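Student: Numbering (my numbering), first residue to last: 9 to 201.
Built from N, CA and C at the ideal position, the CB exists for glycine as well.
Just so it is clear, the structure is predicted and the values come from calculations on it, not from any experiment.
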Ligand code: SF4
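And the structure:
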């Protein structure tokens, strides 16, 4: 069969769409029954609002026996129409604290590579935080600028801070306070980048 380039691309597109549709239809019954089992037959829907940022996307919390089973975007909310950014989609993780359960996704170890070393070693998060605090103190003591051109500026240009898109508004408020108190001026939030 002789095909022009355009005909070949059209045929490839139709084949890909047909394959995708087949996969979707094959998977749909299992997914639909899971949803019915988890979210409809067992749970009560509680409309809520994402706590992370001022966009204020709508959530639905699925609750049974006082326990949160699932959180997802609210399709009836005119702001997000059911969609959520990754941060909002991870809202369920707040539930571990409320339920008094350890979050299985929480990192308890950090990777550290000493200066001039060619390998990483595993240290505890507490030790990593102590090291970070020590470095921040040393850097601030060394580079803090009190005055420039006769004007009091009280700023620190040797440290930049980014994040976090994984914490809530109140934590971001505290983080901003902390950075401003250090004099950090290069302060950004990576949900915006
Ligand atoms: S963090 Fe994401 S999901 Fe939550 S309100 Fe903001 S944009 Fe919406």
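By DSSP, does residue 51 sit in helix, in strand, or in coil?
Tutor: Residue 51 falls in the coil class under three-state DSSP.
Student: Keeping to the same chain, check which residues put their C-beta closer than 8 Å to that of residue 54; ignore five residues upstream and five downstream.
Tutor: Closer than 8 Å at the Cβ level, and outside the excluded window around residue 54, lie 68, 69, 70, 71.
Student: Take residue 35 and list the residues in its own chain whose beta-carbon comes closer than 7 Å to its own, dropping the five residues that flank it on each side.
Tutor: Caution is warranted here: a pLDDT of 36 is assigned to residue 35, below 50, making its placement in the model unreliable, and the coordinate value is therefore given only provisionally. If we look at residue 35 and ignore the five residues flanking it on each side, it has no Cβ neighbours.
Student: For residue 150 versus residue 192, is the C-beta distance shorter than 9 Å?
Tutor: In this structure, residue 192 does not lie closer than 9 Å to residue 150 by Cβ.
Student: What does the Cβ neighbour count give for residue 60, buried or exposed, with the cut at 16 atoms within 10 Å?
Tutor: Buried is the call here.
Student: Helix, strand or coil, according to DSSP, for residue 111 in the structure here?
Tutor: Reduced to three states, the DSSP call for residue 111 is coil.
Student: So, with DSSP's three-state summary, where would you put residue 135?
Tutor: In this structure, residue 135 counts as helix in the three-state DSSP scheme.
Student: Quick one: is the Cβ of residue 92 within less than 8 Å of any heavy atom of the ligand SF4?
Tutor: Yes, the ligand SF4 has a heavy atom inside 8 Å of this Cβ.
Student: Would you identify the three-state DSSP class for residue 27, choosing helix, strand or coil?
Tutor: Residue confidence is low: residue 27 scores 34 on pLDDT, short of 50, so the model does not pin down where it sits. No coordinate-derived value is stated.
Student: Given a threshold of 16 other Cβ atoms within 10 Å of its Cβ, counted over all protein chains shown, does residue 63 qualify as buried or as exposed?
Tutor: Residue 63 is exposed by the Cβ-count criterion.
Student: Closer than 6 Å by C-beta to residue 165: which residues in its own chain qualify, once you throw out the five before and the five after it? Chain order, please.
Tutor: For residue 165, where only same-chain residues beyond five positions count, there are no Cβ hits under 6 Å.
Student: What I want to know is whether the C-beta of residue 203 ends up closer than 8 Å to one or more non-hydrogen atoms of the ligand SF4.
Tutor: The structure shown does not extend to residue 203, since the chain spans only 9 to 201, so no value can be given for it.
Student: Based on the DSSP output, what are the partners of residue 81 in its beta bridges?
Tutor: According to DSSP, which records beta bridges pairwise, residue 81 is partnered with 67.
Student: How many Å lie between residue 88 and residue 57 at the Cα?
Tutor: One C-alpha to the other measures close to 11 Å.
Student: Report the CB separation of residue 120 from residue 131 in whole angstroms; it is logged as a contact under 8 Å.
Tutor: The Cβ separation is near 5 Å, so the contact holds.
Student: Does the Cβ of residue 88 lie closer than 8 Å to at least one heavy atom of the ligand SF4?
Tutor: Yes, Cβ of residue 88 sits closer than 8 Å to a heavy atom of the ligand SF4.
Student: Compare the beta carbon distance of residue 104 and residue 94 with 9 Å and say whether it is the shorter of the two.
Tutor: Contact: no.
Student: Around the C-beta of residue 96, are 16 or more other C-beta atoms found within 10 angstroms, so that it is buried, or is it exposed?
Tutor: With 16 or more Cβ atoms within 10 Å of its Cβ, residue 96 is classed as buried.
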